[in-house]
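Colleague:
2 protein chains.
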Amino acid sequence: MTIMPYAKPVSEASSGQVASLASQIGRVAAPLRSQVLEVLREAILSFRFAPGQRLIERELIDMTGVSRTTIREVLRELAAEGLVKTIPQKGAVVVSLTPEEAEELYEIREVLEGHLAKRFVERATDAQVVALRRAFTQLEGVVERQEGTVAVLRAKDVLYEVLLTGAGNSALRATLSQLHARVSLLRASSLASGPDRPSEAVGELRELVEAVEARDARDAADAMVAHVGAAAGAGIEAVRSSGHALATAAN
Amino acid sequence: MTIMPYAKPVSEASSGQVASLASQIGRVAAPLRSQVLEVLREAILSFRFAPGQRLIERELIDMTGVSRTTIREVLRELAAEGLVKTIPQKGAVVVSLTPEEAEELYEIREVLEGHLAKRFVERATDAQVVALRRAFTQLEGVVERQEGTVAVLRAKDVLYEVLLTGAGNSALRATLSQLHARVSLLRASSLASGPDRPSEAVGELRELVEAVEARDARDAADAMVAHVGAAAGAGIEAVRSSGHALATAAN
DNA sequence: GCCTGTCTGATTGTCATACAGTCGGGCAAG
DNA sequence: CTTGCCCGACTGTATGACAATCAGACAGGC
Chain A
234 MTIMPYAKPV SEASSGQVAS LASQIGRVAA PLRSQVLEVL REAILSFRFA
284 PGQRLIEREL IDMTGVSRTT IREVLRELAA EGLVKTIPQK GAVVVSLTPE
334 EAEELYEIRE VLEGHLAKRF VERATDAQVV ALRRAFTQLE GVVERQEGTV
384 AVLRAKDVLY EVLLTGAGNS ALRATLSQLH ARVSLLRASS LASGPDRPSE
434 AVGELRELVE AVEARDARDA ADAMVAHVGA AAGAGIEAVR SSGHALATAA
484 N
Chain B
234 MTIMPYAKPV SEASSGQVAS LASQIGRVAA PLRSQVLEVL REAILSFRFA
284 PGQRLIEREL IDMTGVSRTT IREVLRELAA EGLVKTIPQK GAVVVSLTPE
334 EAEELYEIRE VLEGHLAKRF VERATDAQVV ALRRAFTQLE GVVERQEGTV
384 AVLRAKDVLY EVLLTGAGNS ALRATLSQLH ARVSLLRASS LASGPDRPSE
434 AVGELRELVE AVEARDARDA ADAMVAHVGA AAGAGIEAVR SSGHALATAA
484 N
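Protein chains in written order, with our numbering: chain A, 234 to 484; chain B, 234 to 484.
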């Protein structure tokens, strides 16, 4: 895992209209830091770093090839995101959720995603509703054809993306992203989920999509709440059983 | 503003049962970093650093007396909290909210605080309900006696604290704290609020307290939503008028 | 054999310094 | 007045260093 300093001639864009140009020009500027942040975040969420594992600065330096300064700043950001916990004199440790904490997070998600659904119904354009249906159909296909957990997660992400965009509240998007990231710390190696949570989820989401197409905000919110609630049940159940804080891809 | 490195011979305790003892022993260790973080956060929220103001590392170093390493790590944390925005090649700038962003934040607060009220009704002990009433009475007194904005804010904080504790969801607490911090970036120097938002707020909160005492979760949630909604209206209105992103202590 | 005091290595917390890259603004030339 | 160059101010990143702390090994005493 080596990060070439300024390897990719990409640019994180400074702002506004220039952004699009910047990428064409090949201006970089994507601070090394943000690249490292992405790499580590990804590593945590994909469980290459297991929950509870210590993240030793020296090792991260060796892995990434960047300096300690950079690593430390990244660790602060990860800590603020809730993916890592910093123990004084001990350093960073990948967060591992207790069932109680998981429950709390799901509780918040339920509320916010209910709102998300409601807002989507209220604000989304017809095109966005169509996009939602399309994303759902896609997900449905992936689940039916049993293309594997990763594919399912990717399809779900797309669907979520549609919802978040359609709801038009970037603060909500940011908040939910963070919650999702933290919750997904549950989904560990033991990808042996419950019976077949995926197909159940599809059923729940179908309700959502139909409510949205009917432009019924309340039904949509209810469907979403039900969905998250079910996911929470499955997820937390899995955590409780599988010993520590490892769970499944309940959602 | 000088932070004595390890000024207080305190140490942040390692864990568990020792913690309580540690404080007696006077062991600290509160990493310098966290002290600086608090100082800067406070400085931002109290508008000693105005929204939009650049936070130049060198100056922060001079102000606090800590090294650049520490300052930079703190800035990353503040950025993750949403109090500061980092512009590539330009550094940290105190966030200044646009009316739209403010609206988005209030929207989320509305949802989450409605839930907070509901949860409080469902989970709080009788003692906590009494504490809520007490906090409210206190606030009421402060507002009536016109003891000033600071006193009002402090009284509100107490009331919130009771709610958050009673609701028993620490993730919710963390999320809301962050939202509150960001929203309060609106409340700038121009403390000339609307007509008399404070007393209106008291009225709204009375509804809340009464609903709670009646153990009516739905009413409590509604009251809270109404309260936040009103605060949002006042706050955002103030922002729009007072030019940039300065507003009032609407709430 | 079990408990306790001590030593040591591994790591973090913090600091000082250095240097390239970038941005903004001033200054000079056309 | 516009264009282009130069400089100073900062950030982004790297490096080396040192004190403090913690965990575990180790040895000595009861």
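Ideal Cβ placement from N, Cα and C applies to all residues, glycine included. None of the values given here were measured: they were computed from a predicted structure.
8 angstroms is my cut-off, CB to CB: does Ile469 (chain A) come that close to chain B?
Modeller: Mapped onto the first sequence, residue 469 (chain A) falls at position 236. So, not an interface residue.
Colleague: Nearest-angstrom Cα distance between Leu424 (chain A) and Arg448 (chain A)?
Modeller: Numbered from its first residue, the first sequence carries residue 424 (chain A) at position 191. Numbered from its first residue, the first sequence carries residue 448 (chain A) at position 215. Confidence at Leu424 (chain A) is low in this model, with a pLDDT of 45, below 50, so the placement of that residue should be treated as unreliable; the coordinate-derived value is given next. About 35 angstroms.
Colleague: Give me the subset of the region 295-314 of chain B whose CB atoms are less than 7 angstroms from a CB atom of chain A, sorted by chain position.
Modeller: Thr302, Arg305, Glu306, Arg309, Glu310, Ala313 and Glu314
Colleague: Relative to the C-alpha of Arg373 (chain A), which candidate in A:Glu292, A:Asp452, A:Asn402 and A:Gly436 has its C-alpha closest?
Modeller: Looking up residue 373 (chain A) in the first sequence gives position 140. Checking the displayed sequence, the identity of residue 373 (chain A) turns out to be Glu instead of Arg. Glu373 (chain A) has its Cα closest to that of A:Gly436, out of A:Glu292, A:Asp452, A:Asn402 and A:Gly436.
Colleague: Can a CB atom of chain A be found closer than 8 angstroms to the CB of Ser329 (chain B)?
Modeller: The residue labelled residue 329 (chain B) in the question sits at position 96 within the second sequence. Judged by the 8 angstroms Cβ criterion, Ser329 (chain B) is not in contact with chain A.
Colleague: Any idea what DSSP makes of Ala283 (chain A), helix, strand or coil?
Modeller: Position 50 of the first sequence, counted from the first residue, corresponds to residue 283 (chain A). It is coil, neither helix nor strand.
Colleague: Where does Val445 (chain A) sit, in a helix, a strand or coil, going by DSSP?
Modeller: As a first step, residue 445 (chain A) must be located in the first sequence, where it is residue number 212. Three-state result, Val445 (chain A): helix.
Colleague: Counting C-beta neighbours from all protein chains within 10 Å, is the total for Glu377 (chain A) 16 or more, i.e. buried, or is it exposed?
Modeller: As a first step, residue 377 (chain A) must be located in the first sequence, where it is residue number 144. It counts as exposed.
Colleague: Once you ignore the five residues that flank Gly401 (chain B) on each side, which residues in its own chain have a CB closer than 6 angstroms to its CB?
Modeller: Stepping through the second sequence from its first residue, residue 401 (chain B) is reached at position 168. Cβ within range, chain order: Arg356.
Colleague: Check whether the Cβ of Glu334 (chain A) lies closer than 8 angstroms to any Cβ atom in chain B.
Modeller: In the first sequence, the residue the question calls residue 334 (chain A) occupies position 101. At a cut-off of 8 angstroms between beta carbons, Glu334 (chain A) contacts chain B.
Colleague: Which residue's Cα is closest to the Cα of Thr302 (chain A): A:Val375, A:Val326, A:Val269 and A:Gly315?
Modeller: Here residue 302 (chain A) refers to the residue found at position 69 of the first sequence. Measuring from the Cα of Thr302 (chain A), the nearest candidate turns out to be A:Val269.
Colleague: Report back the beta-carbon spacing between Leu316 (chain B) and Arg415 (chain B) to the nearest angstrom; my notes put them in contact at under 8 angstroms.
Modeller: Position 83 of the second sequence holds residue 316 (chain B). Position 182 of the second sequence holds residue 415 (chain B). Contact flag correct, Cβ pair sits at about 7 angstroms.
Colleague: What does the Cβ neighbour count give for Thr408 (chain A), buried or exposed, with the cut at 16 atoms within 10 Å?
Modeller: Mapped onto the first sequence, residue 408 (chain A) falls at position 175. With 16 or more Cβ atoms within 10 Å of its Cβ, Thr408 (chain A) is classed as buried.
Colleague: Compute the distance between the beta-carbons of Gly324 (chain A) and Leu278 (chain A), then report whether it is under 8 angstroms.
Modeller: Here residue 324 (chain A) is taken as the residue at index 91 of the first sequence, counted from 1. Here residue 278 (chain A) is taken as the residue at index 45 of the first sequence, counted from 1. No, these two residues do not count as a Cβ contact at 8 angstroms.
Colleague: Nearest chain A C-beta to Ile277 (chain B) closer than 8 angstroms, yes or no?
Modeller: What you label residue 277 (chain B) is simply residue 44 of the second sequence in a count that begins at 1. Ile277 (chain B) does not count as touching chain A.
Colleague: Distance check for Asp359 (chain B) and Arg291 (chain A), CA to CA, integer angstroms please.
Modeller: Reading the first sequence from its first residue, position 58 is the one you call residue 291 (chain A). Reading the second sequence from its first residue, position 126 is the one you call residue 359 (chain B). Their Cα atoms are separated by approximately 52 angstroms.
Colleague: List the residues of chain B whose Cβ lies closer than 9 angstroms to the Cβ of Glu340 (chain A), in chain order.
Modeller: As a working mapping, residue 340 (chain A) is identified with position 107 in the first sequence. Near Glu340 (chain A) (Cβ distances below 9 angstroms), the residues of chain B are His348, Arg352, Asn402, Ala404 and Leu405.
Colleague: Can you list the alpha helix (DSSP H) stretches of 4 or more residues lying completely in the region 370-427 of chain A, in chain order?
Modeller: 382-400 and 403-416
Colleague: Can you round the beta-carbon distance between Glu343 (chain A) and Gly462 (chain A) to whole angstroms, since I take them to be within the 8 angstroms contact cut?
Modeller: Position 110 of the first sequence, counted from the start, is the residue given in the question as residue 343 (chain A). Position 229 of the first sequence, counted from the start, is the residue given in the question as residue 462 (chain A). Right, the Cβ-Cβ distance comes to about 6 angstroms (below 8 angstroms), so this counts as a contact.
Colleague: Leaving out the 5 sequence neighbours to the left and right, which residues in its chain are closer than 7 angstroms to Gly347 (chain A) when beta-carbon positions are compared?
Modeller: Locating residue 347 (chain A) in the first sequence gives position 114, where the first residue counts as 1. Ala454, Met457 and Val458, listed in sequence order.
Colleague: What runs of the beta strand (DSSP E), each 3 residues or longer, lie entirely inside the region 274-332 of chain A?
Modeller: List check, beta strand (DSSP E) in window: 317-320 and 324-327.
Colleague: Would a check of beta-carbon distances place Leu419 (chain B) closer than 8 angstroms to chain A?
Modeller: On the second sequence, position 186 is the one that residue 419 (chain B) refers to. Not one chain A Cβ lies under 8 angstroms of Leu419 (chain B).
Colleague: In three-state terms, what does DSSP make of Asp455 (chain A)?
Modeller: Mapped onto the first sequence, residue 455 (chain A) falls at position 222. Three-state result, Asp455 (chain A): helix.
Colleague: What's the C-alpha gap between Ala364 (chain B) and Glu394 (chain B)?
Modeller: Here residue 364 (chain B) is taken as the residue at index 131 of the second sequence, counted from 1. Here residue 394 (chain B) is taken as the residue at index 161 of the second sequence, counted from 1. In this structure, the alpha-carbon of Ala364 (chain B) lies about 10 angstroms from that of Glu394 (chain B).
Colleague: If Val445 (chain B) sits next to Val362 (chain B), beta carbons under 8 angstroms apart, how far is it from one beta carbon to the other, in whole angstroms?
Modeller: Taking the second sequence and counting its residues from 1, one reaches residue 445 (chain B) at position 212. Taking the second sequence and counting its residues from 1, one reaches residue 362 (chain B) at position 129. Going by Cβ atoms, the distance from Val445 (chain B) to Val362 (chain B) rounds to 6 angstroms, so yes, they are a contact pair.
Colleague: Using three-state DSSP, classify Ala186 (chain B) as helix, strand or coil.
Modeller: The requested residue 186 (chain B) is not part of the displayed model; chain B covers only 234 to 484.
Colleague: Output, in chain order, the set of chain A residues within a Cβ distance shorter than 8 angstroms of Val383 (chain B).
Modeller: Within the second sequence, the letter at position 150 stands for residue 383 (chain B). Per Cβ cutoff of 8 angstroms: no residues; Val383 (chain B) is ~27 angstroms from chain A at best.
Colleague: Note down, in chain order, all residues in the region 426-459 of chain A with a beta-carbon under 9 angstroms from any beta-carbon belonging to chain B.
Modeller: Answer set for the region 426-459 of chain A: empty.
Colleague: Let me know the secondary structure DSSP gives Ala357 (chain B) once reduced to three states.
Modeller: In the second sequence, the residue the question calls residue 357 (chain B) occupies position 124. If DSSP states are grouped into helix, strand and coil, Ala357 (chain B) belongs with coil.
Colleague: Measure the alpha-carbon distance for Ser403 (chain A) versus Leu396 (chain A) and round it to whole angstroms.
Modeller: Reading the first sequence from its first residue, position 170 is the one you call residue 403 (chain A). Reading the first sequence from its first residue, position 163 is the one you call residue 396 (chain A). Answer to the nearest angstrom: the Cα atoms are 12 angstroms apart.
Colleague: List, in order along the chain, the chain B residues whose C-beta lies closer than 7 angstroms to that of Thr398 (chain A)?
Modeller: By 1-based counting over the first sequence, the position of residue 398 (chain A) is 165. Neighbours of Thr398 (chain A) on chain B: none; closest Cβ ~14 angstroms, over 7 angstroms.
Colleague: Confirm, please, whether the CB-CB distance from Leu330 (chain B) to Val299 (chain B) is below 8 angstroms.
Modeller: Taking the second sequence and counting its residues from 1, one reaches residue 299 (chain B) at position 66. Taking the second sequence and counting its residues from 1, one reaches residue 330 (chain B) at position 97. Cβ distance not < 8 angstroms, so Val299 (chain B) and Leu330 (chain B) don't count as in contact.
Colleague: With DSSP collapsed to three states, give me the class of Ala350 (chain B).
Modeller: Mapped onto the second sequence, residue 350 (chain B) falls at position 117. Correct three-state label for Ala350 (chain B): helix.
Colleague: Kindly indicate which residue of A:Pro284, A:Gln286, A:Glu314 and A:Leu338 has the alpha-carbon position closest to the one of Gly466 (chain A).
Modeller: The residue you call residue 466 (chain A) lines up with position 233 of the first sequence. Taking only the C-alpha atoms, the option nearest Gly466 (chain A) is A:Leu338.
Colleague: Would you check if the distance between the CB atom of Val326 (chain A) and the CB atom of Ile320 (chain A) is smaller than 8 angstroms?
Modeller: Position 93 of the first sequence, counting from 1, holds the residue named residue 326 (chain A). Position 87 of the first sequence, counting from 1, holds the residue named residue 320 (chain A). Against a cut-off of 8 angstroms, the Cβ pair of Ile320 (chain A) and Val326 (chain A) comes out as a contact.
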